[in-house]
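Trainee: Residues 1 to 308 in UniProt numbering are what the sequence shown spells out, letter by letter.
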Amino acid sequence: MTGFMDIKTLKTFLSVAKLKNFSAAARELNTVQPTVSRHISDLENELGTKLFLRTTHQVELTAAGEVLLPEARAILANDLRVKELVGKALESKESVLNIGYLATACSFFLPKLLGDFSSNNSKVTTHLFEMTAQEQKEALIENKIDIAFSRRQPQLDGRIFNVEKIYTDKLVAILPANHALASSEKVSLKDLADEKFILFRRTEWSEMYEHITLLCQERGFSLDVTFHPDNMRHLITSVSSGLGVSIAPQCIKFIADKNCVCKPIEEVSLVLPLYIYYKRDKMSEPLGHLVSNCLSHAQDIQTMLVDN
1 MTGFMDIKTL
11 KTFLSVAKLK
21 NFSAAARELN
31 TVQPTVSRHI
41 SDLENELGTK
51 LFLRTTHQVE
61 LTAAGEVLLP
71 EARAILANDL
81 RVKELVGKAL
91 ESKESVLNIG
101 YLATACSFFL
111 PKLLGDFSSN
121 NSKVTTHLFE
131 MTAQEQKEAL
141 IENKIDIAFS
151 RRQPQLDGRI
161 FNVEKIYTDK
171 LVAILPANHA
181 LASSEKVSLK
191 DLADEKFILF
201 RRTEWSEMYE
211 HITLLCQERG
221 FSLDVTFHPD
231 NMRHLITSVS
241 SGLGVSIAPQ
251 CIKFIADKNC
261 VCKPIEEVSL
271 VLPLYIYYKR
281 DKMSEPLGHL
291 VSNCLSHAQD
301 IQTMLVDN
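Following this line, the structure appears as structure tokens:
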């Protein structure tokens, strides 16, 4: 509606028509009489006709007022109906959360975490996207995902993104089950000096690669990297097949098969936290619930990683 014929003005008109008194209408509308008079005057000016005949004690509708009366009632009834429909639509609308995750780093806790979350948030639909850390960074920036379970992302601006730690991982040696060191409690890098290594490319795991390379150089040898796997499962299959040994995050043990073993490395102190990243200005109610769930279970997730 345009001009002065808005919902508030029509409510004033209907109140005056019902009570036949400007003061009584003002009391019903919880306002003052001059405001009621102004609303009616504005409405009459817009329609170009008088709507009420004013007498000393009360007011009566004019012929034009009688015509407007049922139309005003219908407009207000429709306004109420629209608000109810929109309200019901909002109540029933399912929210969607798009989640990017690192497969192996999340394999041991994410299914249960999201299962519990979905049970308690039945109107929230979650979509999962397995991604690399680089893909997660781009998807977060482009708003293709709402939250990422990722390793450290220094390129993400802390003024734009929130970051919360979920757990801290460490590096372990991955050996074939029939390896001479497979029964050892732990291994030393020197023990692996003559081994063929299966490692991710430096561009994919620069922090880990440089840390291990430096430690080996300090001990008088260089890594003999003969193969770069495509993903963690590829790495496990390659080690299990006897193609070499590897160094990877401890969480890989949750997807390892019986043909390989994971052993702590004495000299390696590098830690690999897993974080959640999400945009500060995109914090919806469902996302807030998910973040809260993650943080409340963080200690349990850390314990699960260490104890299993």
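Here a beta-carbon is modelled for each residue, glycine too, at the ideal position from N, C-alpha and C. Source: prediction; values computed, not measured.
(1) Could you give the distance in angstroms between the alpha-carbon of V96 and the alpha-carbon of G87?
(2) So S292 packs on I174, CB below 8 Å; how close in whole Å?
(3) Specify, as a first and last residue, the run of the alpha helix (DSSP H) that E44 falls within.
(4) Which of the three DSSP states, helix, strand or coil, is assigned to K18?
(5) On the DSSP letters alone, give me the boundaries of the alpha helix (DSSP H) that I236 sits inside.
(6) To which residues does DSSP link I161 through a beta bridge?
(7) By alpha-carbon positions, which one of R54, D224, L214 and W205 ends up nearest to L272?
(8) Excluding the 5 residues flanking H39 on each side, which residues of the same chain have their C-beta closer than 6 Å to its C-beta?
(9) Assuming L69 and L76 form a contact by the criterion Cβ under 8 Å, report the distance between their Cβ atoms to the nearest whole angstrom.
(10) For V32, count the other beta carbons within 10 Å of its own beta carbon; 16 or more makes it buried, fewer makes it exposed. Which is it?
(11) Quick check on the burial criterion: 16 or more other C-beta atoms within 10 angstroms. Buried or exposed for I160?
(12) Do Q250 and C262 have their C-beta atoms within less than 9 Å of each other?
(13) In three-state terms, what does DSSP make of E60?
(14) So the alpha helix (DSSP H) L128 belongs to, where does it begin and stop?
(15) According to DSSP, which residues form a beta bridge with K196?
(16) Helix, strand or coil: which one does DSSP assign to T104?
(17) Just verifying my parser: in three-state terms, what is the DSSP assignment at P154?
(18) Excluding the five sequence neighbours on either side, which residues of its own chain have a C-beta within less than 6 Å of the C-beta of L14, listed in chain order?
(19) Alpha carbon to alpha carbon, how far is M1 from D79?
Mentor: In short:
(1) Across the structure, V96 and G87 are spaced so that their CA atoms are roughly 19 Å apart.
(2) With 8 Å as the limit, S292 and I174 do not qualify as a contact, their Cβ atoms being about 35 Å apart.
(3) Element bounds for E44: Q33 to L47.
(4) In the three-state scheme derived from DSSP, where H, G and I count as helix and E and B as strand, K18 is classed as helix.
(5) I236 -> alpha helix (DSSP H) spans M232 to S240.
(6) At residue 161 the sequence reads Phe, which differs from the Ile that was named. DSSP lists K279 as partners of F161.
(7) Among R54, D224, L214 and W205, the Cα nearest to that of L272 belongs to W205.
(8) Cβ neighbours of H39 beyond the five flanking positions: T9 and T12.
(9) By a beta-carbon distance limit of 8 Å, L69 does not contact L76. Their separation comes to about 11 Å.
(10) Exposed.
(11) Exposed is the call here.
(12) Pairing Q250 with C262 gives a Cβ-Cβ distance under 9 Å.
(13) Strand.
(14) For L128, there is no enclosing alpha helix (DSSP H); the enclosing beta strand (DSSP E) has its first and last residue at V124 to E130.
(15) For K196, DSSP records a beta bridge to D224.
(16) DSSP places T104 in the helix class (H, G or I) of the three-state scheme.
(17) Coil.
(18) Apart from sequence neighbours up to five positions away, the residues of its chain that approach L14 with a beta-carbon distance below 6 Å are A72, ordered along the chain.
(19) Here M1 scores only 41 on pLDDT, less than 50, and its place in the model should not be relied on; the value that follows carries that caveat. Cα to Cα, the separation comes out at about 11 Å.
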